[in-house]
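K.L.:
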Amino acid sequence: MISKYISIIILLISGVFWANARNNLNIWEDTRCRESVKLTPYIAEGEKNIGIIVCPGGSYFWLDRNTEGHDVAKWLQVRGISAFVLEYRTAGVPAFISHYRAIGGGHKHPHMIQDLQRSIQLVRESAQQYNIDPDKLGVMGFSAGGHLVLSSGVHYNTNFLSLLDINPSVSLRPNFVVPIYPVVTFNESYMHKRSRRGLMGDAKIKQNMCDSLSIERHIHATMPPVFLVNCKDDPIVKYENSVMLDSVLTSHNVPHKYILYNEGGHGFGMSEEKGSAECRNWKYEFIEWLKTIYSDEKRLVETL
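Quick note: the sequence shown, position 170, residue 1404 per the numbering used here, numbers continuous.
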């Protein structure tokens, strides 16, 4: 009898594992790129839903997959928003503790933006399958992931996928961008050096590379609307990153909302313990902002 129950438990666990694995998508399958990059969908009930691709942070060296990834997606899913967690390529722990990328190899720019652009392409092309509206597809990122989603918002006219002979027939422009305590600049005294190293590698970094990857230098009037959040006491990514971004967005008349909380630090994501009671309100503020963009989305009102 005991062995029978054990067999049933193993079967159930295997079934759950198989179901999760089946849901995961390798975005580079059947392409020239030989990497395996996972995109995990969390599909909400209903049709023509808003979709969001979620990019965790981790200084471009690793990923906070739960607090800034899967936990975020689950929260959005319950509220009628379909989410897709992108585990984009990062430099990795070996690159953090050594400098092997100085002589070539390893993950660095443009691998990360290629992963995000490919995800935007695939989700839009499969919008009917995922029951989302392809014209309501946004991107949300945390810390270095915030820099990545901002990059997709300012550089959507640059097809980084062409390096892999991929030329999407759908737009690579996200419909809105949600950077949470993002890395913004690689030029000013308040840049995040670890993220710069993670993104650019260990070879001598040229000034033109820093300029090309500093978001504030590429803001333009046609970039998507932005919802921006950070905390003044952030000990990791200095809060001036977002203050500067807010200023440049304003000067270019980009529709956006910026919330600067006094307390909360960094890395709180979707946690109900990290940060502060004040900053953990960001997710509800985001839903309220989203309602101003999509006033026809009655489901957003019902799920607050």
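We put the CB at the ideal spot given by N, CA and C, even for glycine.
Work out the CA separation of Tyr1473 and Ile1315 for me, nearest whole Å.
P.N.:
Looking up residue 1315 in the sequence shown gives position 81. Looking up residue 1473 in the sequence shown gives position 239. Taking the straight line from one Cα to the other gives about 29 Å.
K.L.:
Between Val1418 and Ile1449, which are expected to be in contact by the criterion C-beta below 8 Å, what is the C-beta distance as a whole number of angstroms?
P.N.:
Locating residue 1418 in the sequence shown gives position 184, where the first residue counts as 1. Locating residue 1449 in the sequence shown gives position 215, where the first residue counts as 1. Between Ile1449 and Val1418 the Cβ distance is about 5 Å, and since that is below 8 Å, they are a contact.
K.L.:
Should Glu1321 go down as buried or exposed, given a rule of 16 or more other Cβ atoms within 10 Å for buried?
P.N.:
Counting from 1 along the sequence shown, the entry for residue 1321 is found at position 87. Flag for Glu1321 reads buried.
K.L.:
How big is the Cα-Cα spacing for Ala1455 and Val1482?
P.N.:
On the sequence shown, residue 1455 is found 221 positions in, with the first residue counted as 1. On the sequence shown, residue 1482 is found 248 positions in, with the first residue counted as 1. Computed Cα separation, rounded: 10 Å.
K.L.:
If you run the structure through DSSP and keep just helix, strand and coil, what is Phe1376?
P.N.:
Counted from its first residue, the sequence shown places residue 1376 at position 142. Reduced to three states, the DSSP call for Phe1376 is strand.
K.L.:
When the Cβ atoms of the segment 1427-1441 are set against those of the segment 1390-1404, are three or more pairs found closer than 8 Å?
P.N.:
no
K.L.:
Check each candidate in Pro1459, Met1504, Asn1260 and name the one with the smallest Cα separation from Tyr1518.
P.N.:
Taking the first residue of the sequence shown as position 1, residue 1518 is located at position 284. Closest by alpha carbon: Met1504.
K.L.:
Between which two residues does the beta strand (DSSP E) harbouring His1490 extend?
P.N.:
Start at 1 with the first residue of the sequence shown, and residue 1490 comes out as number 256. 1490-1495 is the extent of the beta strand (DSSP E) around His1490.
K.L.:
Just the Cα atoms here: how many angstroms apart are Tyr1364 and His1500?
P.N.:
As a working mapping, residue 1364 is identified with position 130 in the sequence shown. As a working mapping, residue 1500 is identified with position 266 in the sequence shown. The straight-line gap from Cα to Cα measures roughly 32 Å.
K.L.:
Taking the beta carbon of Ala1317 as the centre, do at least 16 other beta carbons fall within 10 Å, making it buried, or is it exposed?
P.N.:
Stepping through the sequence shown from its first residue, residue 1317 is reached at position 83. With 16 or more other Cβ atoms within 10 Å, it is buried.
K.L.:
In chain order, which beta strand (DSSP E) runs of at least 3 residues are fully inside the segment 1284-1354?
P.N.:
1315-1321
K.L.:
Mark Ile1261 as exposed unless 16 or more other C-beta atoms lie within 10 angstroms of its C-beta, in which case mark it buried.
P.N.:
Sequence index remark: in the sequence shown, residue 1261 carries index 27 (1-based). Buried.
K.L.:
What runs of the alpha helix (DSSP H), each 4 residues or longer, lie entirely inside the segment 1395-1435?
P.N.:
Qualifying alpha helix (DSSP H) stretches, in chain order: 1427-1434.
K.L.:
Drop a sphere of 10 angstroms on the beta-carbon of Ile1331, count the other beta-carbons inside from all chains shown, and report buried for 16 or more, exposed for fewer.
P.N.:
The residue you call residue 1331 lines up with position 97 of the sequence shown. It counts as exposed.
K.L.:
Using a Cβ-Cβ cutoff of less than 6 Å, which residues in the same chain neighbour Val1477 once the five nearest sequence positions on both sides are dropped?
P.N.:
Here residue 1477 refers to the residue found at position 243 when the sequence shown is read from its first residue. The answer is none, since no qualifying residue turns up.
K.L.:
Taking the alpha-carbon positions, what's the Ser1405 to Gln1348 distance?
P.N.:
Residue mapping note: residue 1405 aligns to position 171 of the sequence shown, counting from 1. Residue mapping note: residue 1348 aligns to position 114 of the sequence shown, counting from 1. Cα to Cα, the separation comes out at about 14 Å.
K.L.:
Ser1529 to Lys1440, Cα distance in whole Å?
P.N.:
The count along the sequence shown starts at 1 and reaches residue 1529 at position 295. The count along the sequence shown starts at 1 and reaches residue 1440 at position 206. Cα-Cα distance, rounded: 45 Å.
K.L.:
Is Cys1289 near Val1383, with beta carbons less than 8 Å apart?
P.N.:
Within the sequence shown, the letter at position 55 stands for residue 1289. Within the sequence shown, the letter at position 149 stands for residue 1383. Against a cut-off of 8 Å, the Cβ pair of Val1383 and Cys1289 comes out as a contact.
K.L.:
Can you tell me whether Val1312 is buried or exposed, with buried defined as 16 or more other CB within 10 angstroms of its CB?
P.N.:
What you label residue 1312 is simply residue 78 of the sequence shown in a count that begins at 1. That one is exposed.
K.L.:
Going by DSSP, what residue range makes up the beta strand (DSSP E) through Cys1465?
P.N.:
Here residue 1465 corresponds to residue number 231 of the sequence shown, with the count starting at 1. Run containing Cys1465: 1460-1465, per the beta strand (DSSP E) assignment.
K.L.:
Would you call the segment 1457-1473 and the segment 1401-1416 in contact, with 3 or more CB pairs under 8 Å?
P.N.:
yes
K.L.:
By the DSSP assignment, the alpha helix (DSSP H) with Tyr1364 in it spans what residues?
P.N.:
Indexing the sequence shown from 1 puts residue 1364 at position 130. Its alpha helix (DSSP H) spans residues 1361-1364.
K.L.:
Tell me, to the nearest whole angstrom, how far the beta carbon of Gly1291 is from that of Gly1379; I am working on the premise that it is less than 8 Å.
P.N.:
By one-based count along the sequence shown, residue 1291 stands at place 57. By one-based count along the sequence shown, residue 1379 stands at place 145. Contact flag correct, Cβ pair sits at about 4 Å.
K.L.:
Hey, Asp1367 and Asn1283 are a contact pair by Cβ (cut 8 Å); roughly how many whole angstroms apart?
P.N.:
The sequence position of residue 1367 within the sequence shown is 133, counting from 1. The sequence position of residue 1283 within the sequence shown is 49, counting from 1. Between Asn1283 and Asp1367 the Cβ distance is about 7 Å, and since that is below 8 Å, they are a contact.
K.L.:
With the cut-off set at 8 Å, would you say Val1388 and Met1443 are in Cβ contact?
P.N.:
On the sequence shown, residue 1388 is found 154 positions in, with the first residue counted as 1. On the sequence shown, residue 1443 is found 209 positions in, with the first residue counted as 1. In this structure, Met1443 does not lie closer than 8 Å to Val1388 by Cβ.
K.L.:
Give every residue of the same chain whose Cβ lies closer than 7 Å to the Cβ of Tyr1294, excluding the five residues on either side of it in the sequence, and list them in chain order.
P.N.:
Here residue 1294 corresponds to residue number 60 of the sequence shown, with the count starting at 1. Within the same chain, Tyr1294 has close Cβ partners Thr1324, Ala1325, Met1346, Ala1378, Ser1429, Gly1432, Leu1433.
K.L.:
At the level of alpha carbons, what is the spacing between His1343 and His1381?
P.N.:
As a position in the sequence shown, residue 1343 is number 109, starting the count at 1. As a position in the sequence shown, residue 1381 is number 147, starting the count at 1. Roughly 12 Å between the two C-alpha positions.
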